[in-house]
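> Just dropping this structure here.
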Amino acid sequence: MVQHPQGVVLAVHAHPGARRNQIRHDPHGALRVWVAQAPEKGKANKAIIALLANQLGLRKSQIELVTGETSAHKRFLLRGLTVEETAARLNALPDER
């Protein structure tokens, strides 16, 4: 997680085609996101944005995919948040077990 002039850039490891949508911290501190949508024509990326918006209390328009359009390793810009605010919201999410 890095502060950006417009908000925070958040690194995510994506898992498209999952059984259910969920966000978890892995044991190494990374953020992992599972979405049911397949990685076709940006469907999974849109689903990740919707899930992040819902879980972090943001509007979808506040989240932009910065890098990783076709990669599992993605970076999203979360507009209007600080690193501290983002960390607090992410800490409320469950850990991966």
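What the sequence shown shows, in our numbering, is residues 48 to 144, in sequence order.
Every residue gets a Cβ at the ideal spot worked out from N, C-alpha and C, and that includes glycine.
Keep in mind it's a predicted model, so treat the numbers as computed, not measured.
#1: Between the alpha carbons of T114 and R136, how many angstroms are there, rounded?
#2: Do you know how far the Cα of R122 is from the Cα of A83?
#3: Cα separation between Q69 and G89?
#4: Tell me the DSSP secondary structure of K88 in three-state form.
#5: What's the call for Q53, buried or exposed, on a 16-neighbour Cβ count within 10 Å?
#6: Out of A97, E131, H75 and A58, state which residue places its alpha-carbon closest to the alpha-carbon of S108.
#7: If you drop the 5 nearest sequence neighbours on each side, which residues of the same chain put their C-beta closer than 7 Å to that of R144?
#8: Only counting runs of 4 or more residues, tell me where the alpha helix (DSSP H) segments fall wholly within the segment 59 to 116, in order along the chain.
#9: Any idea what DSSP makes of L137, helix, strand or coil?
#10: Would you call the CB atoms of H62 and V80 closer than 8 Å?
Quick look at the numbers:
#1: 22 Å
#2: 19 Å
#3: 18 Å
#4: coil
#5: exposed
#6: A97
#7: Confidence is the limiting factor: at R144 the pLDDT is only 45, short of 50, which leaves the residue's position unreliable, though a coordinate-based value still follows. Nothing listed; no residue qualifies.
#8: 90 to 103
#9: helix
#10: yes
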